[in-house]
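Asks: This is the structure, below, for whatever I ask next.
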Amino acid sequence: MGNKFLKFEYLLLFAVFTIATCGLVYELVAGTLASYLLGDSVKQFSFIIGVYLFSMGIGSYFSKFITKNLLNTFVEIEILVGLIGGLSSVILFLLFETAFAFQFILYLLVFITGCLVGLEIPLLMNILKDKVEFKDLVSNVFTFDYIGALLASILFPLILVPKLGIIGTSLFFGMINISIAIVLCYLLKSELKKVKLLRAKAIFSFLVLLVTFFFSENILSYSEGKLYGENIIYTNSTQYQRIVLTHNKSDYRLYLNNNLQFSSADEYRYHEALVHPAMSMAKKVDNVLVLGGGDGLAVREILKYKDVKKVTLVDLDEGMTKLFKTNQVLVDFNKNALNNSKVTVYNKDAYIWAKETKEKFDVVIIDFPDPSNYSLGKLYSLNFYSTMQQLLSPDAVVVIQTTSPYFAPKSFWCINKTVMQVFPQIDAYHAYVPSFGEWGFTIAISGFGTNFNKVNRTVDGLRFYNYQFEKFNYFSNDMISKDIKINRLDNQVLVRYFDEEWGKL
Numbered sequence: 001m002g003n004k005f006l007k008f009e010y011l012l013l014f015a016v017f018t019i020a021t022c023g024l025v026y027e028l029v030a031g032t033l034a035s036y037l038l039g040d041s042v043k044q045f046s047f048i049i050g051v052y053l054f055s056m057g058i059g060s061y062f063s064k065f066i067t068k069n070l071l072n073t074f075v076e077i078e079i080l081v082g083l084i085g086g087l088s089s090v091i092l093f094l095l096f097e098t099a100f101a102f103q104f105i106l107y108l109l110v111f112i113t114g115c116l117v118g119l120e121i122p123l124l125m126n127i128l129k130d131k132v133e134f135k136d137l138v139s140n141v142f143t144f145d146y147i148g149a150l151l152a153s154i155l156f157p158l159i160l161v162p163k164l165g166i167i168g169t170s171l172f173f174g175m176i177n178i179s180i181a182i183v184l185c186y187l188l189k190s191e192l193k194k195v196k197l198l199r200a201k202a203i204f205s206f207l208v209l210l211v212t213f214f215f216s217e218n219i220l221s222y223s224e225g226k227l228y229g230e231n232i233i234y235t236n237s238t239q240y241q242r243i244v245l246t247h248n249k250s251d252y253r254l255y256l257n258n259n260l261q262f263s264s265a266d267e268y269r270y271h272e273a274l275v276h277p278a279m280s281m282a283k284k285v286d287n288v289l290v291l292g293g294g295d296g297l298a299v300r301e302i303l304k305y306k307d308v309k310k311v312t313l314v315d316l317d318e319g320m321t322k323l324f325k326t327n328q329v330l331v332d333f334n335k336n337a338l339n340n341s342k343v344t345v346y347n348k349d350a351y352i353w354a355k356e357t358k359e360k361f362d363v364v365i366i367d368f369p370d371p372s373n374y375s376l377g378k379l380y381s382l383n384f385y386s387t388m389q390q391l392l393s394p395d396a397v398v399v400i401q402t403t404s405p406y407f408a409p410k411s412f413w414c415i416n417k418t419v420m421q422v423f424p425q426i427d428a429y430h431a432y433v434p435s436f437g438e439w440g441f442t443i444a445i446s447g448f449g450t451n452f453n454k455v456n457r458t459v460d461g462l463r464f465y466n467y468q469f470e471k472f473n474y475f476s477n478d479m480i481s482k483d484i485k486i487n488r489l490d491n492q493v494l495v496r497y498f499d500e501e502w503g504k505l
């Protein structure tokens, strides 16, 4: 009799393990989709995890009202968690273009999933309370529950999203949930009531998810087509971001996590303004560093100078740099820059890489994504710019993309003021890029051997920048913001400014 109950206990504990693992995966999917559409991934994940934990508490509370057919209810919860959680990404992607409906359904799904997961542990304890010693029951239940959560948090960013994508991940785990329910229906048929009906529910739910999984790429293409309103010619989910390339007439556009990265129609304006002021001012350009800029478009501009002997590119996402090394359309845009023999690519966190490298650079081009979350905000912090000093040769020039001074003046001048604390000479300038509007840059010199109006070298064939720097650093009153704080690691005020300003748009 003891062996029977032991098998019974561990079968149900394994079910708890799958519910815990899958439940957390569904919330990670929801958080990822929310950060894609709504921005500020830290805030979105914080809200979602908070709602999830709260709803688990609600589920635990209402479990005391379930007093009959406990085992049947437990299996039905397994089915419901799998079905609702598995389909959640499909529903959210289809609502992706409508922000209000997306948010309402997002938090509703999180709440329902959390309530169902919250029911599982009290139900399991009630099922096993007369069959297992209490101390063993409690320790085993929570051990399986927390191990499942740990497994989900590790697998989600490293394996699941890069291999299966967001939709595929939630559907796959939904099928795992329901598979366990089917197994329980067969192995515990003597313990269950109306087992044939329960089994039919489980099999039907599994088939729904399986068919949806089979058509998941079509669903994703349809939802992204509605979102972007353009022909999508390439998509890929890497460990760090969702990459989408669209084509409309003669214009190609690259989106990262739903944010426009560049338009082929006018990206030359941005990249010429980013690169050529610094390259023309610097005393020498033998060794150039690019941080971010995994598309290779800044590197393309740098390689126009024959004096350049070496270019080092540091970009976190190998999927991004590999794409711009191999995709023929994109290779044409960057003129095969990332495959040039002068270029070395490191796929590492720039914050860590900068602290470890011993090289000295004559020009540094910083082309990070906008500071929309704290992991990016640290790359615009006083600490990071102080670290940059050790990488610079005498009179090296550093330029940083600093978001829009028109749409986000607080953010723009916050970065400028932070850089001012580190470098002896700094200035700000901006350029009009039709796809983005007015876009800003901060430029700094690490010594006094040159200045911002000095032109030491030029190249022919530029379509936008004319080497007259003074024409780019006039700011009208509507692009000025005062009483701005410095962005430090311990306050990340820049991320709050950015969220406040861009959130209005």
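Using the numbering used here, read the sequence shown as starting at 1 and increasing by one per residue. Don't be surprised by glycine CBs; every beta carbon is placed ideally from N, CA and C.
When the distance is taken between beta carbons, is Ala278 closer than 9 Å to Val398?
Replies: For Val398 and Ala278, yes; Cβs fall inside 9 Å.
Asks: Please report the residue range of the alpha helix (DSSP H) in which Leu187 lies.
Replies: From DSSP, the alpha helix (DSSP H) with Leu187 extends over Val161 to Leu187.
Asks: Tell me whether the segment 54-71 and the segment 107-120 touch, counting them as touching only if at least three CB pairs, one residue from each stretch, are closer than 8 Å.
Replies: The answer is yes - the segment 107-120 touches the segment 54-71, with three or more Cβ pairs under 8 Å.
Asks: On the criterion of 16 or more Cβ atoms from any shown chain inside 10 Å, does Tyr186 qualify as buried, or is it exposed?
Replies: So Tyr186 counts as exposed.
Asks: Is the distance from the Cβ of Ile480 to the Cβ of Thr442 below 9 Å?
Replies: No, the Cβ-Cβ distance between Ile480 and Thr442 is not below 9 Å.
Asks: Quick one: Cα of Leu274 to Cα of Ile365, how far?
Replies: Each residue's Cα considered, the two are about 8 Å apart.
Asks: Measuring only the C-alpha atoms, how far is Tyr467 from Thr458?
Replies: Looking at the two C-alpha atoms, the distance is approximately 8 Å.
Asks: Hey, which unbroken runs of the alpha helix (DSSP H) at 4 residues or more fall wholly within the segment 276-309?
Replies: Those alpha helix (DSSP H) runs which fall completely within the segment 276-309 and span 4+ residues are 297-302.
Asks: Quick test of your reading: Gln389 and Val422, contact by CB under 8 Å. State the CB separation rounded to the nearest angstrom.
Replies: Sure, about 6 Å apart at Cβ, within 8 Å.
Asks: Using a threshold of 9 Å, state whether the C-beta atoms of Phe213 and Ile178 are closer than that.
Replies: No. Outside cutoff.
Asks: Leaving out five residues on either side along the sequence, give the residues of the same chain with a beta carbon under 6 Å from the beta carbon of His276.
Replies: Excluding sequence neighbours, His276 sits near Tyr465.
Asks: Under a three-way DSSP split, which group does Glu318 fall into?
Replies: DSSP places Glu318 in helix when its eight states are reduced to three.
Asks: Starting from Phe441, follow its DSSP beta bridges and name the residues at the other end.
Replies: The partner list for Phe441 (beta bridge, DSSP) reads Gln401 and Tyr429.
Asks: Going along the chain, which residues of its own chain have a beta-carbon closer than 6 Å to the beta-carbon of Thr403, five neighbours each way excluded?
Replies: The answer, listed in chain order, is Asp370, Ser411 and Phe412.
Asks: Need the endpoints of the beta strand (DSSP E) that Thr246 sits in, please.
Replies: Taken as a continuous stretch (DSSP letters only), the beta strand (DSSP E) holding Thr246 covers Arg242 to Asn248.
Asks: Buried or exposed: which applies to Ile400, given that a residue is buried once 16 or more other Cβ atoms fall within 10 Å of its Cβ?
Replies: Under this definition Ile400 is a buried residue.
Asks: Out of curiosity, what's the CA-to-CA distance linking Ile49 and Ala20?
Replies: Looking at the two C-alpha atoms, the distance is approximately 14 Å.
Asks: How is Ile19 classed by DSSP in three states: helix, strand or coil?
Replies: If DSSP states are grouped into helix, strand and coil, Ile19 belongs with the helices.
Asks: What are the start and end residues of the alpha helix (DSSP H) that includes Phe262?
Replies: It is not in any alpha helix (DSSP H) - Phe262 instead sits in the beta strand (DSSP E) that spans Asn259 to Ser263.
Asks: With a CB to CB cut of under 7 Å and the five nearest residues on each side skipped, what residues in its chain are close to Gly437?
Replies: Counting only Cβ-Cβ distances below 7 Å, and skipping sequence neighbours, we find Ser404, Tyr406 and Phe407.
Asks: Do three or more CB pairs link the segment 487-494 to the segment 297-305 at distances below 8 Å?
Replies: The segment 487-494 is not in contact with the segment 297-305.
Asks: For Lys482, which of Phe469, Asn473, Phe472 and Tyr497 has the nearest alpha-carbon?
Replies: The shortest Cα separation from Lys482 among Phe469, Asn473, Phe472 and Tyr497 belongs to Tyr497.
Asks: Evaluate Leu92 with the Cβ neighbour count: other Cβ atoms within 10 Å of its Cβ, from every protein chain shown; 16 or more gives buried, anything less gives exposed.
Replies: Per the 10 Å Cβ criterion, buried.
Asks: Taking only the alpha-carbon atoms, compute the straight-line gap between Asn248 and Ala265 and give it to the nearest angstrom.
Replies: If you take the alpha carbons of Asn248 and Ala265, they lie about 11 Å apart.
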